[in-house]
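Counting from 1 along the sequence shown, just add 17 to a position and that's the residue number in the working numbering.
As structure tokens, the structure follows; a few thoughts come after it.
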Amino acid sequence: MSENIKLVRKYLAIDENRNIVAEGNSWEEVEEIMKKKGYKRSQYDILTVVKQEKS
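The structure is reproduced here in structure tokens:
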């Protein structure tokens, strides 16, 4: 019997000290959060985390 696997993506903003400072469901959502926090785009990186969930 086959199993269904769902991929879940989360996007994390990481500051220059390697701290997670924002989390969202899309790249655009994270950028908007960071803009509201007063960060410039050059002050953080965005990482994509992909997890598998069995359904």
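The beta-carbon is built from N, C-alpha and C at its ideal position, and this holds for glycine as well.
If you reduce the DSSP assignment to three classes, tell me which class residue i lands in.
i: E20; result: coil
i: E46; result: helix
i: K54; result: coil
Which residues mark the beginning and the end of the beta strand (DSSP E) in which residue i is found?
i: Q60; result: Note, Q60: premise wrong, no beta strand (DSSP E); not H, not E.
i: E33; result: Per DSSP, E33 belongs to no beta strand (DSSP E) and is neither H nor E.
My understanding is that residue i touches residue j, with C-beta atoms under 8 angstroms, so please give their C-beta distance in whole angstroms.
i: I37; j: L24; result: With 8 angstroms as the limit, I37 and L24 do not qualify as a contact, their Cβ atoms being about 21 angstroms apart.
Touch test, the region 45-54 against the region 64-71, Cβ-Cβ under 8 angstroms, three pairs minimum: no
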